[in-house]
Each structure stands twice: as C-alpha cells, then as structure tokens.
Amino acid sequence: MTAEKALPLGNGKAAEEARESEVLSGGGGGGGGAVSARDKRDKAVHERGHWNNKVEFVLSVAGEIIGLGNVWRFPYLCYKNGGGAFLIPYVVFFICCGIPVFFLETALGQFTSEGGITCWRKVCPLFEGIGYATQVIEAHLNVYYIIILAWAIFYLSNCFATELPWATCGHEWNTENCVEFQKLNATNHSHVSLQNATSPVMEFWERRVLAISDGIEHIGDLRWELALCLLAAWTICYFCIWKGTKSTGKVVYVTATFPYVMLLILLIRGVTLPGASEGVKFYLYPDLSRLSDPQVWVDAGTQIFFSYAICLGCLTALGSYNNYNNNCYRDCIMLCCLNSGTSFVAGFAIFSVLGFMAYEQGVPIAEVAESGPGLAFIAYPKAVTMMPLSPLWATLFFMMLIFLGLDSQFVCVESLVTAVVDMYPKVFRRGYRRELLILALSVTSYFLGLVMLTEGGMYIFQLFDSYAASGMCLLFVAIFECICIGWVYGHLHFLPGQIQAPQVQQRVHLPRLGLRHRLAHGPVLHALHPGLGLHQGVEDRGDAAREIPQVDDPQRRPENAGHAWGRPTDGGG
Numbered sequence: 001m002t003a004e005k006a007l008p009l010g011n012g013k014a015a016e017e018a019r020e021s022e023v024l025s026g027g028g029g030g031g032g033g034a035v036s037a038r039d040k041r042d043k044a045v046h047e048r049g050h051w052n053n054k055v056e057f058v059l060s061v062a063g064e065i066i067g068l069g070n071v072w073r074f075p076y077l078c079y080k081n082g083g084g085a086f087l088i089p090y091v092v093f094f095i096c097c098g099i100p101v102f103f104l105e106t107a108l109g110q111f112t113s114e115g116g117i118t119c120w121r122k123v124c125p126l127f128e129g130i131g132y133a134t135q136v137i138e139a140h141l142n143v144y145y146i147i148i149l150a151w152a153i154f155y156l157s158n159c160f161a162t163e164l165p166w167a168t169c170g171h172e173w174n175t176e177n178c179v180e181f182q183k184l185n186a187t188n189h190s191h192v193s194l195q196n197a198t199s200p201v202m203e204f205w206e207r208r209v210l211a212i213s214d215g216i217e218h219i220g221d222l223r224w225e226l227a228l229c230l231l232a233a234w235t236i237c238y239f240c241i242w243k244g245t246k247s248t249g250k251v252v253y254v255t256a257t258f259p260y261v262m263l264l265i266l267l268i269r270g271v272t273l274p275g276a277s278e279g280v281k282f283y284l285y286p287d288l289s290r291l292s293d294p295q296v297w298v299d300a301g302t303q304i305f306f307s308y309a310i311c312l313g314c315l316t317a318l319g320s321y322n323n324y325n326n327n328c329y330r331d332c333i334m335l336c337c338l339n340s341g342t343s344f345v346a347g348f349a350i351f352s353v354l355g356f357m358a359y360e361q362g363v364p365i366a367e368v369a370e371s372g373p374g375l376a377f378i379a380y381p382k383a384v385t386m387m388p389l390s391p392l393w394a395t396l397f398f399m400m401l402i403f404l405g406l407d408s409q410f411v412c413v414e415s416l417v418t419a420v421v422d423m424y425p426k427v428f429r430r431g432y433r434r435e436l437l438i439l440a441l442s443v444t445s446y447f448l449g450l451v452m453l454t455e456g457g458m459y460i461f462q463l464f465d466s467y468a469a470s471g472m473c474l475l476f477v478a479i480f481e482c483i484c485i486g487w488v489y490g491h492l493h494f495l496p497g498q499i500q501a502p503q504v505q506q507r508v509h510l511p512r513l514g515l516r517h518r519l520a521h522g523p524v525l526h527a528l529h530p531g532l533g534l535h536q537g538v539e540d541r542g543d544a545a546r547e548i549p550q551v552d553d554p555q556r557r558p559e560n561a562g563h564a565w566g567r568p569t570d571g572g573g
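If you read the sequence shown in the UniProt record's numbering, its first letter stands for residue 1, the second for the next number, and so on.
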C-alpha cells in the first residue's frame, strides 16, 4: 500500500516527498527536457503557497476575526443584556461553541491543505454542500461589508479641517430644524421650539453622506463621492491579497496591529474624560434578572458566531496555508482569548466616551448608547465634537475603523479566491491567472455594491445585513459541520490522540483531548445550535416587518426602519 493510499487525504509528508522525488527524477522514464518541463508545470500546479512563519498566520486570523463588531456590537450587547451578567452566557457559548468550531475549521484547513469547498470533498463528498454554502455567504459579505469602509473613508476625508462638518449647522445639507447641542442646552429644552429639532451629526449622516430617499422603491441617483471611496477601498483590498500569502503575510503586520495602537490611544483619552466612570458603570453593572430572557442567550450565541468568523470558510482557507504539523490547537486558544479580550477592552473605550457625551448633554446614557453603524457614524462622531482637538480624535477613530474593516474584507476575498483556485488548480495556478481572478471578483463586487451607494441604497444594505449572512445561515452551517466531522467522518479519524495504528502518520499536532473533546463537538454543540436557531427563527418572523421599511409606511427614515445600524454587521469580527 502506498503512502497516499494509507492516508485518506493524501496529505502527509511521505506523500509530498514522494511526489517531489518523482518530479526530480524525471517522471520515471520519460527521460528528456520535454518530460522535465511538463513535470515542472505539474509541480507548479500543486504548489499552494504557505505562511513564511507562524506570526503571519496568527496576524491574518486576528485581522479577520477582530473587526468592527468588537468595537460597535459587543459593548452595546453587554450593556443592553445585563452588563456583567451578559458575560455568563457569553462565556458558555465561548467555551461550548466558539472555541470548538473555531478549532474545527482551522484544523480542517490545515488537515487537508484545501480551501473552503474541496476540504469537504476530501473529508466526505456527501457534505461538500457545506463548502458551497460558506462561499455563497462569503460572496454576499464581499459585496456589502466593504460599503462600511466606503462610509468610513468618506468621513475620514472630512476630518482634515479645523472644524468638523458635522459639528455645526449652516451647511448646504442642513435644514431649518438643525440645532447644535450647545444651543439645545441653552434653550432649557423648550418643547415648543425643539419639537422637530435634529442634530447636525444626524443630518450630515442622512443628508450629506447617504442622501437617503424615503423608501426602497426610490433608489435615486448614485452618490459619486461614495463610489470613489468604494473604489479606493477595493483597490487597497486587491493589492493586499493579489500575491496570495506573499502579500497578505506582509500586509497584516500593519493592518492587524495598527488598530490596537488606535484603540489604546482612544481608551486612554476616554477614561480621562468627565463622566467616563458613569459610562463604564452602565457598561458592566450586572443585572442577573436578564439571564431569564432567552434573547440574551441568543445575542450571546450570535455574537460568538459573528465575531469568530465561524462558518464562513475563512478559517479553513487561512489554516490551509499552515505547515502540516503546526500546533493549531494552541494558536486557536490564543486567538479566541485575544478576540474576546479585545471586545471587552473596546467596551471601556466606547462607553467611557458615551458617558462623557451623556454628562455633557445632561441626559441618561441610554439615550446616547448606540450599536452598529449608528455608533460609528452618529454617536461617536457627535461625542468627538465635544472634545478639544476634535478633528484629531475623529481622524484616529475612523482610521481605526478602516483598518479593522480592511483586514476582515481582504481575508474574506482571499477565502473565496482560495476556494475557487483549489477547485480548478490547473486553470488558476498558471501565470497570472490567480491575480486576474482576484481582479475579476473585485471588479464584479464593486459594481454590485454600487447599488448600495444610491439614495435608496441604505435599505438594500439593510436587506443584505439582515438576511444575506444572518445568524440562522451560520447556525445551520455549524450544525452540519459538527455532524460531518463528529459523526460521519468520525472524530477518531480526525484526532491523532485517538489513533492507535502506528503506521498512520500524525495529522495535526494536538493534545490528547479524549472524551472532553468528544463532548465539545458532540451533544453540547448539537443541543445549543438548534436551540438558538429555533428561538432566532421565531424572533426573525416578528422582526422582519420592522427591519425593512414598508412601501405604505409614511415613516421611512432609517431610525423608523428597524435601526439598520443595530444589526450585527461583522463578517468576522
């Protein structure tokens, strides 16, 4: 029996060395330059590339999973769902769902050295549809997630001025109802004069950035300034991954570490502001009675799935470029702890500033707390207008958002490209065909995304955000992943700690987990996932009408359309 037949996946060192020696020996009798040239081409087809070192892999995964959701979603969920009490269901799902599935997908990629589709073909062809499902979700994410980067770039371009344009009224996009918060305080809250008052930051977002229409049926004109920002975002994304691991592995040294520098600066600035302690108190003050609400547990579970980029194929693609015997178990534990730790610390940076804003306005913090794009483009920009050197803090904040989103975006594109290239290696691993494939995907996604930059594009963005990569999709994929690996393929084949045959080479470097690992991937996961899905399905039936503005609804403004910016827009992080 040959080495390849001994290993079902044909991916051991012995198999690789056998192929290399066969190529070097001229194919065993073809003799001549023609055979040698053909073998060289065949060897090029089998070359997938790999990370130069472990740091590149760790930073790439960290950049993917640590994204916008860590900053704008987790802190708000923690505050809304009982403060410190929310950490109880969060830790439960972190241990029982987050780490096991995160490790499963990463190890699967390293185990097979294949992308998000062909890895399942090698494990169990019957479940290859899992790979197609993840890549369909990935394709949708590639179209709409980068829209947030376009908004952030537009805001950043408006920060280089002595006065932020959303700090005052009097601009051409402002209405007669625009009232600055200083004047709002000076009027002693006269309900007669301020009944229809709007803030300049809200009008900048709705009338200057979005130029939002009154409904999804009125698409309106394309916002060319945003289209240029989107083009800039896609251009940066393309050059970050156009050479595969050679370029991605170098870029992540900057894109994955720079947000931490910005977060640290904003954290130090936030906790030194007046009223910051009240914001932190509201962020962490425990309310144990909230644990009886099923929605709290659903929020904890969906946050784990979104923030860990589970069921998107990204972890499998990144893991496939690892060395075969890399200790991915240790890497996964470290990355999971880093991700959750970043979310927790980001809450202090965000809520200290929100506490300051509530203190300045003399209102409860519940009136200023936002989630999603509402935090990034309304609440925080409004808060920085109350600080000295507001353009500086606004610049740092939007630079942090851009780097957080950029990492998640180009890793998502890389995941889709890896899946396609591994399906057709003889087509795309020759010449510059891989680079052309990335260019084609980028251009196609760019033009598809332009519809979300029209005057009615925000409503289309809501549709994508609510349904294209919803928690229900990810939950179903996770269930089938666990069934396939844990029961169909069998954990005894996947874990070397359970393999007794000495002739079978160790596949992935792991500790001997024994029954504990069997439990983690077995009944616990299968019990938690359907429970989340059932409750979320009931909730979605009630939320669907609120999320999307109805045609006959006279109030079609975003705040009356289900708070689109309160949805879990992560992609990974």
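Glycine residues also receive a C-beta, built at the ideal position from the N, C-alpha and C atoms.
Predicted model, so just to flag it, every value in this text is computed and none were measured.
Going by other Cβ atoms of all chains shown within 10 Å of its Cβ, with 16 needed for buried, is residue i buried or exposed?
i	result
Ser292	exposed
Asn339	buried
His218	exposed
Ile268	exposed
Asn177	exposed
Gln550	Caution is warranted here: a pLDDT of 36 is assigned to Gln550, below 50, making its placement in the model unreliable, and the coordinate value is therefore given only provisionally. Gln550 is exposed by the Cβ-count criterion.
Thr162	exposed
Gln303	buried
Arg507	For Arg507, the pLDDT reaches just 43, beneath the cut-off of 50, and the residue's location in the model is therefore unreliable, although a value from the coordinates is still provided. Buried is the call here.
Asp221	exposed
Phe377	buried
Tyr253	exposed
Thr245	buried
Gln295	exposed
Phe93	buried
Tyr285	exposed
Pro75	buried
Gly490	exposed
Ala133	buried
Ala85	buried
Ala478	buried
Going by Cα to Cα distance, which pick from the options is closest to residue i?
i	options	result
Arg290	Tyr155, Ile65, Leu77	Leu77
Gly131	Asn142, Ile117, Cys337, Cys484	Ile117
Cys332	Asp214, Leu59, Pro89, Leu264	Leu59
Pro388	Ser157, Thr272, Leu68	Thr272
Val201	Cys229, Gly170, Leu228, Arg223	Gly170
Asn174	Ile147, Ala211, Tyr238, Ser157	Ala211
Leu425	Gly115, Leu68, Phe57	At residue 425 the sequence reads Pro, which differs from the Leu that was named. If we check each option's Cα against that of Pro425, Gly115 comes out closest.
Phe447	Asn142, Gly372, Asp422, Arg330	Asn142
Trp297	Arg48, Leu263, Asn81	Asn81
Phe398	Leu68, Trp51, Cys311, Cys328	Leu68
Leu375	Val363, Leu392, Gly362, Ala346	Ala346
Glu225	Leu453, Ala468, Ile65	Leu453
Is the beta carbon of residue i sitting closer than 8 Å to the one on residue j?
i	j	result
Arg353	Ala394	Reading the sequence as shown, one finds Val at residue 353 and not Arg. Cβ distance not < 8 Å, so Val353 and Ala394 don't count as in contact.
Trp72	Pro381	no
Glu414	Ile241	yes
Gly98	Cys473	no
Thr255	Phe403	yes
Thr168	Glu180	yes
Trp234	Ile350	no
Ala276	Phe344	no
Ser307	Thr418	no
Ile365	Phe282	yes
Pick helix, strand or coil for residue i, following the three-state DSSP scheme.
i	result
Leu149	helix
Gly249	helix
Thr444	helix
Leu222	strand
Gln506	Low confidence applies to Gln506: its pLDDT is 43, below 50, so where it sits in the model is not reliable, and the reading given next is rough at best. Residue state, collapsed to three classes: coil.
Cys229	helix
Thr235	helix
Asp552	Annotation note: pLDDT 38 at Asp552 (below 50); position unreliable, coordinate value reported separately. Correct three-state label for Asp552: coil.
Thr175	coil
Thr198	strand
Thr255	helix
Thr454	strand
Arg207	helix
Cys473	helix
Leu273	coil
Lys54	helix
Leu288	helix
Kindly provide the ranges of any alpha helix (DSSP H) runs that are 4 or more residues long and lie completely inside the segment 60 to 137, ordered along the chain.
Listed in chain order, they are 68 to 72, 74 to 80, 87 to 93, 99 to 112, 118 to 123.
What ranges does the beta strand (DSSP E) occupy inside the segment 305 to 352, keeping only unbroken runs of at least 3 residues that lie completely in it?
none
Which runs of the alpha helix (DSSP H) fall wholly inside the segment 389 to 440 and span at least 4 residues, in chain order?
390 to 423, 425 to 428
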